[in-house]
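There are 4 protein chains.
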Amino acid sequence: MSAPAHTAPGREAVEDLRRRTRAFIRDVVMPAEPVPGQALTESERARLQQAAKDAGVFAPHVPVEYGGQGLPLQDWPEIFEEAGYSPIGPTALNCMAPDEGNMHMLELIGTPEQKQQYLAPLAAGDVRSCFGMTEPHPGAGSDPDALQTTARRNRDGWLINGHKRFTSGAIGAGFCIVMARTEADGDAPAGATMFLVDMDNPGIRVGEHIHTIDRTIGGGHPHVYLEDCAVPDSAVLGEVGLGFKYAQVRLGPARLTHCMRWLGLARRSLDIALDRTGKREIFGSSISELGLAQELIAQSVIDIETSAAIITRTADLLAADAKAGSALSSVAKVHCSEAVYRVIDRCVQLCGGDGVSDGLPLAQYLNEVRPFRIYDGSNETHKWAIARRASARRRREVEAGAPYQGDAVVRGEQER
Amino acid sequence: MSAPAHTAPGREAVEDLRRRTRAFIRDVVMPAEPVPGQALTESERARLQQAAKDAGVFAPHVPVEYGGQGLPLQDWPEIFEEAGYSPIGPTALNCMAPDEGNMHMLELIGTPEQKQQYLAPLAAGDVRSCFGMTEPHPGAGSDPDALQTTARRNRDGWLINGHKRFTSGAIGAGFCIVMARTEADGDAPAGATMFLVDMDNPGIRVGEHIHTIDRTIGGGHPHVYLEDCAVPDSAVLGEVGLGFKYAQVRLGPARLTHCMRWLGLARRSLDIALDRTGKREIFGSSISELGLAQELIAQSVIDIETSAAIITRTADLLAADAKAGSALSSVAKVHCSEAVYRVIDRCVQLCGGDGVSDGLPLAQYLNEVRPFRIYDGSNETHKWAIARRASARRRREVEAGAPYQGDAVVRGEQER
Amino acid sequence: MSAPAHTAPGREAVEDLRRRTRAFIRDVVMPAEPVPGQALTESERARLQQAAKDAGVFAPHVPVEYGGQGLPLQDWPEIFEEAGYSPIGPTALNCMAPDEGNMHMLELIGTPEQKQQYLAPLAAGDVRSCFGMTEPHPGAGSDPDALQTTARRNRDGWLINGHKRFTSGAIGAGFCIVMARTEADGDAPAGATMFLVDMDNPGIRVGEHIHTIDRTIGGGHPHVYLEDCAVPDSAVLGEVGLGFKYAQVRLGPARLTHCMRWLGLARRSLDIALDRTGKREIFGSSISELGLAQELIAQSVIDIETSAAIITRTADLLAADAKAGSALSSVAKVHCSEAVYRVIDRCVQLCGGDGVSDGLPLAQYLNEVRPFRIYDGSNETHKWAIARRASARRRREVEAGAPYQGDAVVRGEQER
Amino acid sequence: MSAPAHTAPGREAVEDLRRRTRAFIRDVVMPAEPVPGQALTESERARLQQAAKDAGVFAPHVPVEYGGQGLPLQDWPEIFEEAGYSPIGPTALNCMAPDEGNMHMLELIGTPEQKQQYLAPLAAGDVRSCFGMTEPHPGAGSDPDALQTTARRNRDGWLINGHKRFTSGAIGAGFCIVMARTEADGDAPAGATMFLVDMDNPGIRVGEHIHTIDRTIGGGHPHVYLEDCAVPDSAVLGEVGLGFKYAQVRLGPARLTHCMRWLGLARRSLDIALDRTGKREIFGSSISELGLAQELIAQSVIDIETSAAIITRTADLLAADAKAGSALSSVAKVHCSEAVYRVIDRCVQLCGGDGVSDGLPLAQYLNEVRPFRIYDGSNETHKWAIARRASARRRREVEAGAPYQGDAVVRGEQER
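Protein chains in written order, with full-length UniProt numbering: chain A, 1 to 416; chain B, 1 to 416; chain C, 1 to 416; chain D, 1 to 416.
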C-alpha cells in the first residue's frame, strides 16, 4: 500500500482553485442552503454537484482521472475550509464524510476493478456510500477491538453477520464498507477485514434511524443489520485480516478533513457575528458592551487561527509520516472540535436572541458541530490516547539516556 | 409596594412539600414527557396541572388564597429545583416563565380588582400570559431605556402603539403585560408604564413566530404588534411612570427562578449520565477511560453545588434587601446559566453517540438551556453591570476613607 | 465526641465583631505587612496579637473561656474573610492554619488536662503548633491509608517512629499532633492514633526545610523525624485507633477555613485592581481596553460571590451534619481554591507590569494561594472523591426505586 | 530596509543543528542551572557561551559573519524551542531577549559602522544591551503613541530627556536603544526615533530596580533616566521619525521568539511531570487517580502542539509578509503565553507538594512565564487589536461585495 502518485499542482494553481472554490460557495452554494434544521434534497444535491463540475471545483481531493482536481493531502486544508464555509458546500463539492474518506480508502487499497465499480461512481457523485464500523454497546465503539460483526468463509465467498449503528450515510447509499471480524486463515492473520457490500444485497438492511442533532450528512446515521449477508471474494477490500490497519489509514485523514470542513463553518459563523456587531456599531449601540464583544471576537480568532495551524501541521505530517501524522491527528481532532464549537457558541452569544432562533443559522450550526466532539472517537478517548503516547514517549527517552527529572531535591536543614 | 404577608410554612412543611413534589415529578410528570424536540400539548398541560392540584403540589409560589402552596421566596429554590427535574415539570406545577413572574408582579402591585380578574385565573392555570418588553433593534433589548412602544392618554384611557418581539408565551395567552413609554403627567414622572392588555383586544396582534431552539415555554416567542390599542385607565398595572422600577422588581426573582428550574434539569442530566456510566462499569468498560469521566462528573457536581449555593444566597438576600438581591441575581444568572450549560454539555459527552441523538433527551436539554445565557439580559450585559457595580462600590469605599491601594511602591535603587 | 456548647452570639454581635475586625485589619494589620516575599517576624506577630486582644477581635473561633470570641462555625466565614484581607491577618487574630485546626480538634476531643496544657497556651498565641500527617512517598500523602509512621506500646507509654514532611508550622512550634499507625489492642481497633508530642522531646527532630512559594504560614513546611520518640499514655489525643476519624473531623472545617481566609485575599486583590483601573479611568486611559477589563472584573466578582455562597452553605451543613458537610467541603475546597487563584491571576493581569513586580503584592499573593490547590488533599484527589460519591449516591437512588434513565430509546425505522 | 540575504542552510543542516543544540542543553547547560529563584552569574554566563561557541551551537539566529549559525527566521522555532528547554539555555546560546531582538534590529537597519560597533560585540556575547521603550504611566506602555521621552536636535547632535521603566537588561548593559519622540524636520516626519546610547554616557542613569518574579533576563527591569543625554547624529538608528515603524519590525519576531523559548520550557515541565507520574505508576500509586492525571497530561500536549503549530505558521508568514506576520504574531503571543502557563500550572499540580517547593523547578518556571502574558503588550491589548483587525477585515470584504449576513430572517406568521 503506497500513496498514489499525484502530480501535485503548483502553489499558484492551488491558490487559483481556492479562489474559485470560494466564489462558487458564495455565488452558487450559499443561495441554495435550506432553512436551518432542514436537510439538502437529493435533487438539489445533484444540481449543485453538476454546477461544481461546470465550475471546475468538483471533488478537489479526487484524482483527475476520476473527475477530481487531483490535490494531494497537504493542499486539502485551504480548499476544504472554503467548502465548509457552507454546511452544504462539502456535499456540493463531493468531499463530505463519509464518502470522502471512502474514496480515499478505495484509491489507496482498491483493486482496479473495485475502483472501476465503486470509486468511479462515488467520485462522480452518482452514488453515495457508508462505512459500517460502529456497533451497539458492548461492540465496536470507542474501542474497535470489541468488534462483534463476523465474516465466515464459505464455498462461494463470505457470510457476514452483525449489527451496526451510527452508520452515517446508509439511507439511500449504493454500497457500504463493512468491517467484520475474520479468523486467521493461511497467511491472513486473525483480525478484521473490510468488505464492499452493495446495499441492494438482500443480506443487508437499514434498520431504525437514529435522530441526531446534525443535518449535513446525507443518509442519516441508522442501524444496519447484516443477516447471513453473502458476498464474493472480490468484495474483500484490501487484504484479509488487515482491516484495523486500514481503518487507521482511513481515520487519520478522515478526522482531519472533518476539522477542515468545520473550521470553514467557524469562519462563516464569525463573519455572521462580525456583520451583526459591525452594523450595531453603525447604529450607535452602547459602546459599553463593545469590550465584552471584543473578548468573544478575539478568542474566536485565536481558536480559528490555532485550528488552521494545527490542521496544516498535521496534514504535512500525515503526508510525510502516516503513523506520526495519525497520532497528531488526535491532537488536531480534540483541539479543532472544541475550538470550532467555542467559536460558534460565542457567535450565538454575540447575536443575542436571533442567535438562538432560526432567523440566523448559528444555533443549527452549533447542533451540526456538537457531535464532532463525539464522532470519530470521542475527545475523551483521544485524550486518553494522547496521554498514553506522551508517557510512552518520555519513558523511551529516559531509557535512552535522557536524565530523569522527577525527583525533588532535598536542600539541607537550614532555612534559606 | 410591600412584600405580601405570607405566613411562612415551617421547615418541616417545606421539606414535606419538597418530597411530595419530587415524587409527583417522577411518578406523574416524567412518564408524560413528550419526545425530545416536541412541545407539551395543551390538553396534557391541563391534565398534569389537575393532577398537581390533586397531589397538593400545585403552584408552590402562589398564595394559598389563590390555590397555591404559599411559599415565600426563600423556600422556592428547593421546590423549583425539584420541578425543573423534568422540562415540563414547571408547567405542570404552574411555576413556569413568564406566568410565574407575572403572578409575582400582580401579587405585589395589582389592585384587588386586577388580582381578581388576572391573577386568579392565571394562578389557577386557566389562562396563560405574556410580558411585552423586548423590542426589535434599536428598541428595548438589553437596554430597557431604548423602549419605543408608547402609550398616550386620551379621553377614555390610553392608546398604545409599538412592536414587540420575543414575547414569550404570547401565542394562546389570555393577556399581556405591556411596557410602554409614557410622558410626565401631574405627579407621574416620565418613564415607562405597565398595562394589562387582553389578547382579544383588537388593537393587539400576534405576528411572526420566532423559531428558537427551546421548547419548554408554551406559546412561543412571537412578534406582537400594538396598533392604536385602546385600554381603559384600569388597565394600568401599578402606578403610571414607574414601569422600569417594577420591571426590576419582576426581573430579580424571575431570573433567579430560571436558575432554580434549570438547575433541576442539570441534576436530571447528571443522573442520566451517572446511570449510563454506572452501567458501563458493570459491563466492564475500560477502566482507563473512567478517570476522564470522573473529571467530567466531578466538575458537574461542583457546578451544581455552587449554583445551588448562589441561588440560596440570592433568594435570602432578595427577601431581605430587594435592591442588593437584584444586584446579586446578576451574578447568580451568569454563573448558573453557564454552569447548567456546562453540566449538560458534559453529560452529552459522557453518553457518546446517544448523547447527540434523541434516544436520550440530553441534546434537546442543551438546546433548552442555551438561550438562558441570552434571555433575561445576555450574560455579557450582566457582566458589564457587575463590573460597573464593583468599581462603584470600591470607589465609594475609598471616598469613605479606605486606603487607596493602586499605586506601585518604588523600592529604591539597590538590587535586593 | 459532641460539638461543644457555644452560646452563640446574636446576629448583631457577629456583625459588630465583623465591623471591628475589618477596622482592625485595615488600621493596624495592613500597615504592618512585610515586603512581598518576606515572612512576619515573631516579634511583630506577638505585637499584633496583643493589639488584637486589646481590640477585642482576637481568636474569633476560640471559646470565650480560652480568651476568644466564642463564635460557632456558622459565623466564622464573614469574620475569617475579613481576617484574610491581609495575608498576616489570620496570624494576628490567631486563626491561621495549622493552629486554628489544632485548636478546634483539642477543643472537640482533648481531655481537660490536655486543654489546660495545650489548648490554653495555643489559643492565647503563646505557642505555635503543627500537625504531623503527610509523609514522603509512598507514605501518607493524598491517601491517608498509606500511613507508615508507627506507634508501639511499651511499659511506659508509646514509642513513635516515622518520617513526616510538609509539617506546616513545625519550626519553632511548641508541640506537634502526630498521626501514627497503631495495632488493635483490646477495644481499640487497628488504625491510626493521634499523639501530642512536645517539640523538645528528644525523640522528635525538625529536619530539612522545604522551601515553598508561600510565606504566610509561620514555621515553614519541614521534614520531621520521629526516632524512638517516647511519650506517655496521656499523650494520646482522643481514643486509640480513631485517628483517621478525627482527622476527617479536623479536615472538613480546616479546609473550609482555608477557603474563608483566601477568599479574603481575593477580595483584597480585586480592591487593588479596582483602585488601579479606577484611577486609570481618571487619567483618561483608552476606553477601548475597558471592556476587556470589565470581563476580568466581572468574572472575578462571580468567582468571589460563588465562593462566599458555597462556603456559607458548607459551614451551615458542617454544623448540622458533619459527614455531609465534610463531603461538601471537598466541593468548596476545589471551587474556592481555583476561584481564588483565578481572581488573583486576573488582578495581576489588570495591573500590568506592576502586577508581576513587588511594587504591588499581587504576584506574591498568587504564590501564596497556588499551593492551596494542592494542600489539604490535591484538587484532583477531591475530584476523584466527588465523582465517586456522586456515582454511589445515584446508584443508591436507583436501587431504592428511582427510574433508571441510562438507556437510549430506539424510535422505529421511519425517518421523522 | 530589506531582509538580509541569509544563505539558508538546508533541512538536514537545520536538523543536525537541532540535534546538537538539544545535546548541548542537556549535557552542558542543564547541569549548570542555578537553584530555583536564583539568577545566572555573569561568569557562568561567559563560560556557557564559550562552551556553546566551542560546540558550534552559539547564536543560531546571527549571520555567520558575526559568529552565529546564520538561520533564517523560518528555522528558528525548532532551535529556540530546544534552547528554551533550560531557562538559561537562551542566554547560553545568546538568543535571549532583549539582546536577540536588538541584534535582529541592528542587522536590519544598522549602518555598517553601527553593526561594527554594536552588533559585533553583542552577537559575540561580549556586551549586553537593553531597549528603552516602556515609560511610567501615563507614558508609553501598552500604547506606544503616549511616548513622552523627547530628543531635540542641537548643534552637536541630540539631547534626550525622559524616564523609562521596565527597561529589561539595563543593569550592566553596554548600550541601550532608546525610543524618543522627535519633531518633523525636513524630510523626517514627526514621530519617534531610535537612538543608540552607550550606558556610560553621563546623561543616562539606571535608577530604581523593579523586582519582578522572573529571573531569566539578566540585567533586571529597572527604571532608566535620561537627563540632557547628549548623543551625536551617528547615534540615530535607522531614519529619523520612523521609530514606531521599526519598533513594529522588532516586536513581531521578538514576541514570537519569546513564544519559542517558553514553549521549550513547557516541554521541559511536561517531561518533569511525566517522569514523576511514570515513576509513581511503577511504585503502584492508586490507579484511580491516573485518569485525572491523563486529563492534565493530554491537555498539556494539546497546548504544546497547537503552540508549536501557530509558531511555525507565524514564522513562515513573517518571512513571507512582515505586516500579515506581525498581525498573526499577536494571535501566537496570546495563545502561547496562556498555553505555556497552563501547561506549567498543570505540571505543578501533577507533582503535588513538591510542585510548589523548590525541590523541583516548576513553581519558579510558573513565575518565569507569568509575566509573558503582560510583557510585549498585555494579552488584553493584543486581543483588543485582534478583534479590531477581524472587524475591519470583514468590513472590507462586505464593502468589496461579500454578502452581508447579519440580518435575521423573519419567517412568516405560521408556526412550523
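Each residue gets a CB set at the ideal place from its N, CA and C atoms; glycine is no exception. Just so you know, these numbers come straight off a predicted model, no measurement behind them.
For residue j and residue i, the rounded distance between their alpha carbons
| i | j | result |
| --- | --- | --- |
| residue 204 of chain D | residue 224 of chain D | 7 Å |
| residue 399 of chain D | residue 104 of chain D | 38 Å |
| residue 288 of chain B | residue 65 of chain A | In this predicted model, residue 288 of chain B has a pLDDT of only 44, less than 50, meaning its place in the structure is not dependable enough to derive any value. |
| residue 367 of chain B | residue 213 of chain B | 5 Å |
| residue 88 of chain D | residue 357 of chain C | 21 Å |
| residue 290 of chain D | residue 331 of chain C | 20 Å |
| residue 164 of chain A | residue 135 of chain A | 4 Å |
| residue 57 of chain D | residue 401 of chain A | 21 Å |
| residue 106 of chain C | residue 194 of chain C | 11 Å |
| residue 371 of chain B | residue 370 of chain A | 16 Å |
| residue 63 of chain C | residue 84 of chain C | 21 Å |
| residue 232 of chain D | residue 169 of chain D | 24 Å |
DSSP-derived helix/strand/coil call for residue i
| i | result |
| --- | --- |
| residue 255 of chain D | helix |
| residue 174 of chain D | coil |
| residue 425 of chain C | Nothing can be reported for residue 425 of chain C, as the shown portion of chain C is limited to 1 through 416. |
| residue 21 of chain B | helix |
| residue 92 of chain B | helix |
| residue 335 of chain D | helix |
| residue 35 of chain A | coil |
| residue 179 of chain D | strand |
| residue 160 of chain D | strand |
| residue 129 of chain A | strand |
| residue 357 of chain B | strand |
| residue 73 of chain C | helix |
| residue 346 of chain C | helix |
| residue 239 of chain C | coil |
| residue 379 of chain A | helix |
Boundaries (first-last residue) of the alpha helix (DSSP H) holding residue i
| i | result |
| --- | --- |
| residue 367 of chain A | 362 to 369 |
| residue 81 of chain B | 76 to 83 |
| residue 54 of chain B | 42 to 55 |
Buried/exposed call for residue i, threshold 16 Cβ in 10 Å
| i | result |
| --- | --- |
| residue 283 of chain A | Because the pLDDT at residue 283 of chain A is just 38, under 50, the model does not fix this residue reliably, and the point stays unresolved. |
| residue 393 of chain B | exposed |
| residue 154 of chain D | exposed |
| residue 299 of chain B | buried |
| residue 329 of chain D | buried |
| residue 112 of chain B | exposed |
| residue 41 of chain B | exposed |
For residue j and residue i, believed in contact at Cβ under 8 Å, the rounded distance
| i | j | result |
| --- | --- | --- |
| residue 417 of chain D | residue 222 of chain D | A query on residue 417 of chain D cannot be resolved here, the shown segment of chain D reaching from 1 to 416 and no further. |
Residue i, enclosing beta strand (DSSP E) - first and last residue
| i | result |
| --- | --- |
| residue 194 of chain C | 191 to 198 |
| residue 213 of chain B | Residue 213 of chain B -> no beta strand (DSSP E), and no H or E assigned at all. |
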